[in-house]
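Protein chains in written order, with our numbering: chain A, 625 to 811; chain B, 625 to 811; chain C, 625 to 811; chain D, 625 to 811.
Here a beta-carbon is modelled for each residue, glycine too, at the ideal position from N, C-alpha and C.
Keep in mind it's a predicted model, so treat the numbers as computed, not measured.
Remarks on the structure that follows.
4 protein chains.
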Amino acid sequence: MAKILVVYASDYGNTEKMANAVAAGVRSVATGEAVVRKAEEVTADDITASDGIVFGSPVHMGSMDWRVKKMIDTVCSGLWMQNLVVGKVGGVFATGSGFGGAGGGAELTLLSMLNNLVELGLIVVPLPKNTPGYPKGGMQWGPYGRSADENLQPVGVSDDALAVARLHGANIARAADAIRGKEIFAV
Amino acid sequence: MAKILVVYASDYGNTEKMANAVAAGVRSVATGEAVVRKAEEVTADDITASDGIVFGSPVHMGSMDWRVKKMIDTVCSGLWMQNLVVGKVGGVFATGSGFGGAGGGAELTLLSMLNNLVELGLIVVPLPKNTPGYPKGGMQWGPYGRSADENLQPVGVSDDALAVARLHGANIARAADAIRGKEIFAV
Amino acid sequence: MAKILVVYASDYGNTEKMANAVAAGVRSVATGEAVVRKAEEVTADDITASDGIVFGSPVHMGSMDWRVKKMIDTVCSGLWMQNLVVGKVGGVFATGSGFGGAGGGAELTLLSMLNNLVELGLIVVPLPKNTPGYPKGGMQWGPYGRSADENLQPVGVSDDALAVARLHGANIARAADAIRGKEIFAV
Amino acid sequence: MAKILVVYASDYGNTEKMANAVAAGVRSVATGEAVVRKAEEVTADDITASDGIVFGSPVHMGSMDWRVKKMIDTVCSGLWMQNLVVGKVGGVFATGSGFGGAGGGAELTLLSMLNNLVELGLIVVPLPKNTPGYPKGGMQWGPYGRSADENLQPVGVSDDALAVARLHGANIARAADAIRGKEIFAV
Chain A
625 MAKILVVYAS
635 DYGNTEKMAN
645 AVAAGVRSVA
655 TGEAVVRKAE
665 EVTADDITAS
675 DGIVFGSPVH
685 MGSMDWRVKK
695 MIDTVCSGLW
705 MQNLVVGKVG
715 GVFATGSGFG
725 GAGGGAELTL
735 LSMLNNLVEL
745 GLIVVPLPKN
755 TPGYPKGGMQ
765 WGPYGRSADE
775 NLQPVGVSDD
785 ALAVARLHGA
795 NIARAADAIR
805 GKEIFAV
Chain B
625 MAKILVVYAS
635 DYGNTEKMAN
645 AVAAGVRSVA
655 TGEAVVRKAE
665 EVTADDITAS
675 DGIVFGSPVH
685 MGSMDWRVKK
695 MIDTVCSGLW
705 MQNLVVGKVG
715 GVFATGSGFG
725 GAGGGAELTL
735 LSMLNNLVEL
745 GLIVVPLPKN
755 TPGYPKGGMQ
765 WGPYGRSADE
775 NLQPVGVSDD
785 ALAVARLHGA
795 NIARAADAIR
805 GKEIFAV
Chain C
625 MAKILVVYAS
635 DYGNTEKMAN
645 AVAAGVRSVA
655 TGEAVVRKAE
665 EVTADDITAS
675 DGIVFGSPVH
685 MGSMDWRVKK
695 MIDTVCSGLW
705 MQNLVVGKVG
715 GVFATGSGFG
725 GAGGGAELTL
735 LSMLNNLVEL
745 GLIVVPLPKN
755 TPGYPKGGMQ
765 WGPYGRSADE
775 NLQPVGVSDD
785 ALAVARLHGA
795 NIARAADAIR
805 GKEIFAV
Chain D
625 MAKILVVYAS
635 DYGNTEKMAN
645 AVAAGVRSVA
655 TGEAVVRKAE
665 EVTADDITAS
675 DGIVFGSPVH
685 MGSMDWRVKK
695 MIDTVCSGLW
705 MQNLVVGKVG
715 GVFATGSGFG
725 GAGGGAELTL
735 LSMLNNLVEL
745 GLIVVPLPKN
755 TPGYPKGGMQ
765 WGPYGRSADE
775 NLQPVGVSDD
785 ALAVARLHGA
795 NIARAADAIR
805 GKEIFAV
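Here you go:
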């Protein structure tokens, strides 16, 4: 069984849709089990009980939503201090606009979450460019759903982005399956 | 007089067009004088003789073109070691595709160049979001010209991106004018 | 007059000391006026009333403290949307440990705040390497005060780091003086 | 068998020592086989023949050495375009100074290489903080060997950093073993 925890914050429901798509992807794998939690509701037990962790956030001023950061500072720090999640599997996704012709802040938002996963000692699952839907639905760090266009007008996340999110979830479940039970890290 | 050096690498001429647009913007300011150099041709004297420096690059695997990096490693390092460019003004721009729905790598490419400018002690001129053309032509770090679409098909940099590049050049010339001759930094 | 707003979060008082040192540096410049605010207390008026803005944070899991991010998401976003702070001057500083032999997360914490300043359209003041005290007190992005050693044991921020913070404050005040009243950005 | 390719550039031999330590760690695992190559000598065949790839570089002006970048631009781009390395395992390491009290540029150097590995579709192996030697020998992204002190005086990479590099190599070999032959990524 590959138990994957999907944690997110959402303002208008777009990131929540992406979170649910990632979870659906996890469940599409025979061994996959997904738990979806809002950032404000996650507990340390949710995290330690999982084989893999996925963080998702809207792009806010070029980095993750403060509610995701609060969860990291208050729930994850203790787990980091005690090395309680080393060797699990992790991934990230985001939603935002296409403002600036290149979704300004999308890349650094994905990276700001990934940095935390790496600090926790998680093995990181990227989004390969041959993933179906990638051209409009993702970046190297993970799925990116445009919820607004270049002029900041809402458009909702596209089917491509949701499809990519589903495949990302399945990839992460399979990676967790491959890694679980192995002693990867020297201590 | 605000003498601005524009340094770039280019594969298919798109980044070169952007470099020339930045230079045209510099020259649109009464006091502006622009020097445009390929990364392979820049000398330490080109840099020390300038009031401001602009680096531009195509996005290559998520960071600047190796020719720009070689110039930084071989020409700029010595200037850094001797603190010879502290207090000048700097800016960046890039070209790339819209692959991944968000121009994967665009942001980190701009940042990889900006990091070097900051190490040199340059005061950094960003690209404000109310710059005309910004929605399709730039990011917070600087102008970004899409030269290929989401499927990696060549489209050439847009008029919007070139217009933004021109305005960025003018902004940098004005900033150099405001800063030049002032003793900003304590030593 | 160069009115500089220093915004920070602090857990054990180290980042607060750094914030006060930046403010002291601002006031050491004839025209400098400093306002120091905890992240939870800053208002939009504090920001718009300033000529320059400095953000400081402890390193928390490789990026800024959630309270600083909450302030950015809830107070700064509106200013960004309305382009109300474009053309001011900005800078950053941080405190953290030397854990990992290189202060893991220090650089990305400074960058996570700087990214927000750049989004707001602020001209960024770096920390030149010839700043007295730099070898032990700073990075290219700004002052960095080690408050714990390589083994995570508390040591308190050093005099070097505080000296660098004071000089950074003075630099920012002088940059604000040089820029204020100039129309740098095309609109 | 877990065949790991270690690619590096080195100026004074410190990064080479770290590369050899990573390779020794790979070989310490029963199934591990290591190939060590200078960045200028790597071929596409070296990369496709491997189960895992490790990039190492000195910190040069806040990012990887231009020779590593040239290898990425000229050798890896084609592999990226054709999706030929998706699903392998990857990791990074760096050497640099402690200048600035926090090894300015160390984190962004590690990240600049990691970004390329992620673009290639590699599953990333971090450096958990409970790795023996971590306090002085590494960061979340990978081993970091200080080859100069806070005043830029050469000190040579420490035994701690070399020990961490060896463990990182072993971790990567084990991760490659766990992943090899598994179909992780949906296509």
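Review point. Are any of the Cβ atoms in chain F nearer than 8 Å to that of residue 777 of chain B?
Key: You won't find chain F in this structure, because its protein chains are A, B, C and D.
Check your understanding: Can you list, in chain order, the residues of the segment 734 to 768 of chain B whose Cβ is nearer than 7 Å to any Cβ on chain D?
Key -> 736, 739, 740, 743
Practice item. Identify the contact partners of residue 786 of chain A in chain D, using a Cβ-Cβ distance below 8 Å as the criterion. Key: Correct list: empty, because the minimum Cβ distance to chain D is about 14 Å.
Practice item. Can you tell me which of the three DSSP states residue 626 of chain A falls into? Key: strand
Review point. Residue 711 of chain D to residue 702 of chain D, Cα distance in whole Å?
Key: 16 Å
Practice item. Grab the span of the alpha helix (DSSP H) containing residue 651 of chain C for me, first residue to last. Key: 638 to 651
Check your understanding: I think residue 643 of chain A touches residue 689 of chain A, with their Cβ atoms under 8 Å apart; what is that distance to the nearest whole Å?
Key -> About 12 Å; that fails the 8 Å criterion.
Check your understanding: Cα-Cα, which of A/757, A/773, A/731, A/747 is closest to residue 680 of chain A?
Key -> A/731
Exercise for review: For my contact list, residue 628 of chain D and residue 800 of chain D are in at a C-beta cut-off of 8 Å; report their separation, rounded to the angstrom.
Suggested key: 6 Å
Check your understanding: Which residues in the same chain as residue 696 of chain C place their Cβ atom closer than 6 Å to its Cβ, once the five residues preceding and following it in sequence are excluded?
Key -> 740
**Study point:** Which listed residue (A/768, A/735, A/763) has its alpha carbon closest to that of residue 720 of chain A
**Key:** A/768
Exercise for review: My understanding is that residue 743 of chain D touches residue 625 of chain B, with C-beta atoms under 8 Å, so please give their C-beta distance in whole angstroms.
Suggested key: Between residue 625 of chain B and residue 743 of chain D the Cβ distance is about 42 Å, and since that is not below 8 Å, they are no contact.
Review point. Closest to residue 772 of chain B by CA distance: which of B/630, B/738, B/718 is it?
Key: B/718
Review point. At least one CB of chain D closer than 8 Å to the CB of residue 731 of chain C: is that the case?
Key: yes
Exercise for review: Within 10 angstroms of the Cβ of residue 645 of chain B, are there 16 or more other Cβ atoms? Answer buried if so, exposed if not.
Suggested key: buried
Exercise for review: Would you identify the three-state DSSP class for residue 809 of chain B, choosing helix, strand or coil?
Suggested key: coil
Point to revise | Residue from D/770, D/779, D/808 whose Cα sits closest to the Cα of residue 683 of chain D | key: D/770
Review point. Residue 656 of chain C to residue 753 of chain A, Cα distance in whole Å?
Key: 51 Å
Practice item. Please confirm whether residue 766 of chain A and residue 714 of chain A have their CB atoms less than 8 Å apart. Key: no
**Study point:** Below-8 Å beta-carbon distance, residue 717 of chain B vs any chain A residue
**Key:** no
Point to revise | Partners in chain D for residue 679 of chain C, counting only beta-carbon separations shorter than 7 Å | key: By Cβ distance, chain D contributes nothing, its closest Cβ being about 18 Å from residue 679 of chain C, past 7 Å.
Exercise for review: Determine whether the Cβ of residue 798 of chain D lies closer than 8 Å to any Cβ atom of chain A.
Suggested key: yes
Practice item. Can you grab the Cα-Cα spacing for the pair residue 735 of chain C / residue 802 of chain A, in whole Å? Key: 35 Å
Practice item. Below 8 Å on the Cβ atoms is my guess for residue 812 of chain A versus residue 650 of chain A; work out the distance and round it to an integer in Å. Key: In the structure as shown, chain A begins at 625 and stops at 811. Residue 812 of chain A is therefore absent and cannot be evaluated.
Exercise for review: At 9 Å on the CB atoms, spell out the chain C contacts of residue 711 of chain D, in chain order.
Suggested key: By Cβ distance, chain C contributes nothing, its closest Cβ being about 26 Å from residue 711 of chain D, past 9 Å.
Check your understanding: Which term fits residue 777 of chain D, buried or exposed, when burial requires 16 or more other beta carbons within 10 angstroms of its beta carbon?
Key -> exposed
Check your understanding: What residues of chain B sit near residue 640 of chain A, judged by a beta carbon separation below 7 Å?
Key -> Near residue 640 of chain A there are no residues of chain B at all, since even the closest Cβ is about 19 Å away, more than 7 Å.
Check your understanding: Within the 8 Å Cβ cut-off, does residue 669 of chain D reach chain B?
Key -> no
Check your understanding: Cα separation between residue 640 of chain C and residue 782 of chain B?
Key -> 47 Å
Check your understanding: What is the DSSP secondary structure of residue 664 of chain D, reduced to helix, strand or coil?
Key -> helix
Check your understanding: Name the residues in the segment 686 to 697 of chain B whose C-beta lies less than 7 Å from a C-beta of chain D; which are they?
Key -> 686, 687, 689, 690, 693, 694, 696, 697
Exercise for review: Please compile the residues from chain C whose C-beta is within a distance smaller than 8 Å of the C-beta of residue 701 of chain A.
Suggested key: 684, 685
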